[in-house]
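Chains as they are written, first to last, in numbering that gives the first Met the number 0: chain A, 0 to 94; chain B, 0 to 222.
The structure appears below as structure tokens.
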Amino acid sequence: MKQSNSLLLLAVAALIAAPLLLPIEEAEFSGTDQQAKRLVEVSAPDYKPWAQPLWSPPSAEMESLLFALQAALGAGIVGFYVGYRRGRHTRPDRS
Amino acid sequence: MHIMEGFLPPLHAAGWTVAAAPFVVVSARAVARLVQEKPQTKLLLAGSGAFALALSALKLPSLSGSCSHPTGVGLGSVLFGPVVMTLIGTLVLLFQALLLAHGGLTTLGANVFSMAIVGPWAAYGVFRLVRSVHGSVPIAVFLAATLGNLATYLTTSVQLSMAFPDATSGFAGALLKFVSVFAVTQIPLAVIEGMVTVVAVNLLLQHSRDELEILSWPYRPVR
Numbered sequence: 000m001k002q003s004n005s006l007l008l009l010a011v012a013a014l015i016a017a018p019l020l021l022p023i024e025e026a027e028f029s030g031t032d033q034q035a036k037r038l039v040e041v042s043a044p045d046y047k048p049w050a051q052p053l054w055s056p057p058s059a060e061m062e063s064l065l066f067a068l069q070a071a072l073g074a075g076i077v078g079f080y081v082g083y084r085r086g087r088h089t090r091p092d093r094s
Numbered sequence: 000m001h002i003m004e005g006f007l008p009p010l011h012a013a014g015w016t017v018a019a020a021p022f023v024v025v026s027a028r029a030v031a032r033l034v035q036e037k038p039q040t041k042l043l044l045a046g047s048g049a050f051a052l053a054l055s056a057l058k059l060p061s062l063s064g065s066c067s068h069p070t071g072v073g074l075g076s077v078l079f080g081p082v083v084m085t086l087i088g089t090l091v092l093l094f095q096a097l098l099l100a101h102g103g104l105t106t107l108g109a110n111v112f113s114m115a116i117v118g119p120w121a122a123y124g125v126f127r128l129v130r131s132v133h134g135s136v137p138i139a140v141f142l143a144a145t146l147g148n149l150a151t152y153l154t155t156s157v158q159l160s161m162a163f164p165d166a167t168s169g170f171a172g173a174l175l176k177f178v179s180v181f182a183v184t185q186i187p188l189a190v191i192e193g194m195v196t197v198v199a200v201n202l203l204l205q206h207s208r209d210e211l212e213i214l215s216w217p218y219r220p221v222r
């Protein structure tokens, strides 16, 4: 099981790295959410968004900070859980 | 799959909100019941929620030359069932709408419907189906998370096409356009989500047998 996990994570890493390494034409790596937004703007040019976000991150850097915080928060809790369970599992006498 | 703030006409935004609201209410009750009846699974629930929070923050490059993100709700859906996952997914979407200007409050209903209702139900359905034909747990989990992810993005495409049908080719033409934006990019990312979810389940099977037993997981295949 440990081996298959390593292989799976290796495959994940390869799948993430491949688009960056392969010569893909017109690779801008823009987000699909933004592309869909642009598609709406093209197909319905008269449409005016009728609401704005209550608060937007002031810059792209601040946005990536918040995304990193979100990922760190999630990963932190996942890491705590795995470590906690692993500790209990390997030291059942101290659970 | 996040539809941006204000990018659904008011009627559509209201419609999806009304459609999603009862699911969220039922889900909140289910979570409360779960925590009360099986308090030992609280930590696993928090872990599954955190898994979704982490994965949906990661915008990954795809072979299409675009980028998009996994949803992360597949894991919790196969473990706890889709009803419980609706609340978790809603909280993740709310977090992103309020703090990241990613998605929005007017489009929250639509986004909840795709990521926190259709995705989890698709994942859960696929999992049960594959198990019922005696597919192994890893295969079932992989297909569940992968197809659950794709179902979410298909739903987003349908929602946008209903709101913005093509001038000449109508709903079907618009659907084709939105699906081609989302689906091609999403397929490799859905596979990534499937594989990461299998890794998580493998770790749980190794270290969290007791919690899984409380959830009577994995369900026995139907004979």
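Using N, Cα and C, we set each Cβ at its ideal position, and we do this for glycine too.
Small disclaimer: the values here were computed from a predicted structure and weren't measured.
Neighbour-count burial assignment, Pro38(B), 16 or more Cβ in a 10 Å radius = Walking along the second sequence from the start, residue 38(B) turns up at place 39. Answer is exposed; the Cβ neighbour count stays below 16.
Test item: CB-CB of Gly230(B) and Ala182(B) under 8 Å = Residue coverage of chain B in this structure runs from 0 to 222, which leaves residue 230(B) outside it and unanswerable.
Which listed residue (Ala199(B), Trp216(B), Glu212(B) and Leu10(B)) has its alpha carbon closest to that of Asn49(B) = Counting from 1 along the second sequence, the entry for residue 49(B) is found at position 50. Correcting the residue identity first, residue 49(B) is Ala in this sequence and not Asn. Answer by Cα proximity: Ala199(B).
Tell me whether the beta-carbon of Phe28(A) lies closer than 8 Å to the beta-carbon of Gly64(B).
-> For this step, residue 28(A) is matched to residue 29 along the first sequence. For this step, residue 64(B) is matched to residue 65 along the second sequence. In this structure, Gly64(B) lies closer than 8 Å to Phe28(A) by Cβ.
Quick check: the region 151-167 of chain B against the region 108-122 of chain B, are there 3 or more CB pairs under 8 Å?
-> yes
Chain A within 8 Å of Met84(B), Cβ atoms only = Stepping through the second sequence from its first residue, residue 84(B) is reached at position 85. Not an interface residue.
Where the beta strand (DSSP E) containing Ser67(B) begins and where it ends | Indexing the second sequence from 1 puts residue 67(B) at position 68. Counting along the chain, the beta strand (DSSP E) containing Ser67(B) begins and ends at Ser65 to Ser67.
Pair within 8 Å by beta-carbon distance, His11(B) and His101(B) | Translated into the one-based positions of the second sequence, residue 11(B) becomes position 12. Translated into the one-based positions of the second sequence, residue 101(B) becomes position 102. No; because the gap between Cβ atoms is not below 8 Å, this pair is not in contact.
Integer-rounded CB distance, given that Ala35(A) should sit under 8 Å from Val180(B) = As a position in the second sequence, residue 180(B) is number 181, starting the count at 1. As a position in the first sequence, residue 35(A) is number 36, starting the count at 1. Rounded, the Cβ-Cβ distance is 5 Å, consistent with contact.
What are the boundary residues of the alpha helix (DSSP H) that Leu211(B) is part of?
-> Position 212 of the second sequence, counted from the first residue, corresponds to residue 211(B). Arg208 to Ile213 is the extent of the alpha helix (DSSP H) around Leu211(B).
Might you give, ordered along the chain, the residues of its own chain that have their beta carbon closer than 7 Å to the beta carbon of Val190(B), omitting 5 neighbours on each side?
-> Taking the first residue of the second sequence as position 1, residue 190(B) is located at position 191. Once the five neighbours on either side are set aside, the close Cβ partners of Val190(B) are Thr145.
Would DSSP call Ser94(A) helix, strand or coil?
-> To locate residue 94(A), count along the first sequence from 1; it is residue 95. Low confidence applies to Ser94(A): its pLDDT is 49, below 50, so where it sits in the model is not reliable, and the reading given next is rough at best. Ser94(A) falls in the coil class under three-state DSSP.
Have a look at Gly78(A) and Leu93(B) and give me their C-alpha separation to the nearest angstrom.
-> Within the first sequence, residue 78(A) is the residue found at index 79, counting from 1. Within the second sequence, residue 93(B) is the residue found at index 94, counting from 1. Computed Cα separation, rounded: 23 Å.
Between the Cα of Ser113(B) and those of Met84(B), Pro137(B), Leu97(B) and Leu99(B), spot the shortest distance and give me the residue it belongs to.
-> To locate residue 113(B), count along the second sequence from 1; it is residue 114. For Ser113(B), the nearest C-alpha among the options comes from Met84(B).
Assuming Asn201(B) and Met0(A) make a contact with CB atoms under 8 Å, what is their CB distance in whole Å?
-> Taking the second sequence and counting its residues from 1, one reaches residue 201(B) at position 202. Taking the first sequence and counting its residues from 1, one reaches residue 0(A) at position 1. Between Met0(A) and Asn201(B) the Cβ distance is about 5 Å, and since that is below 8 Å, they are a contact.
Should Asp32(A) go down as buried or exposed, given a rule of 16 or more other Cβ atoms within 10 Å for buried?
-> Within the first sequence, numbered from 1, the residue matching residue 32(A) stands at position 33. Asp32(A) should be labelled buried.
Run through DSSP, which three-state label would Leu59(B) get?
-> Here residue 59(B) corresponds to residue number 60 of the second sequence, with the count starting at 1. Residue state, collapsed to three classes: strand.
Are at least three pairs of beta-carbons, each pair with one atom in the region 18-37 of chain B and one in the region 52-71 of chain B, less than 8 Å apart?
-> no
Going by the beta-carbon positions, is the gap between Trp49(A) and Pro9(B) smaller than 8 Å?
-> Taking the first residue of the first sequence as position 1, residue 49(A) is located at position 50. Taking the first residue of the second sequence as position 1, residue 9(B) is located at position 10. Yes, they are a contact pair.
Should Leu7(A) be flagged as near chain B, meaning a C-beta pair shorter than 8 Å?
-> Position 8 of the first sequence, counting from 1, holds the residue named residue 7(A). Closer than 8 Å to some Cβ of chain B, the Cβ of Leu7(A) qualifies, so yes.
How would you label Ser94(A), buried or exposed, when you count the other beta carbons within 10 angstroms and need 16 or more for buried?
-> By one-based count along the first sequence, residue 94(A) stands at place 95. With a pLDDT of 49 at Ser94(A), under the threshold of 50, the modelled position of this residue cannot be trusted; read the value that follows with caution. Exposed is the call here.
Under 8 Å between beta-carbons, which chain B residues line up against Pro48(A)? List them in chain order, please.
-> Counting from 1 along the first sequence, the entry for residue 48(A) is found at position 49. Neighbours of Pro48(A) on chain B, chain order: Met3, Glu4, Gly5 and Phe6.
Examine chain B for any beta-carbon lying closer than 8 Å to the beta-carbon of Asp32(A), and answer yes or no.
-> In the first sequence, the residue the question calls residue 32(A) occupies position 33. Yes, because at least one Cβ of chain B sits closer than 8 Å to the Cβ of Asp32(A).
What residues in its chain sit with their C-beta under 8 Å from that of Leu188(B), if we drop five residues either side in the sequence?
-> As a working note, residue 188(B) is residue 189 in the second sequence. Within the same chain, Leu188(B) has close Cβ partners Leu59, Ser61, Ser67, His68, Pro69 and Asn148.
Best match in Glu192(B), Ser207(B), Glu212(B) and Gly134(B) for proximity to Val11(A) [C-alpha to C-alpha] | Start at 1 with the first residue of the first sequence, and residue 11(A) comes out as number 12. Taking only the C-alpha atoms, the option nearest Val11(A) is Glu192(B).
Does Pro56(A) have its Cβ less than 8 Å from a Cβ in chain B?
-> For this step, residue 56(A) is matched to residue 57 along the first sequence. Yes, contact with chain B.
Members of the region 50-74 of chain B that neighbour chain A once the beta carbon cut-off is set at 9 Å | Phe50, Ala51, Leu52, Ala53, Leu54, Ser55, Ala56, Leu57, Lys58, Leu59, Pro60, Ser61, Leu62, Ser63, Gly64, Ser65, Cys66, Ser67, His68 and Gly71
Give the DSSP bridge partners of Asp45(A), in chain order.
-> Start at 1 with the first residue of the first sequence, and residue 45(A) comes out as number 46. According to DSSP, which records beta bridges pairwise, Asp45(A) is partnered with nothing at all.
Expected contact under 8 Å - CB spacing of Gly103(B) and Ile87(B) to nearest Å | Taking the second sequence and counting its residues from 1, the one referred to as residue 103(B) is at position 104. Taking the second sequence and counting its residues from 1, the one referred to as residue 87(B) is at position 88. The pair is not a contact, with the Cβ atoms about 19 Å apart (cut-off 8 Å).
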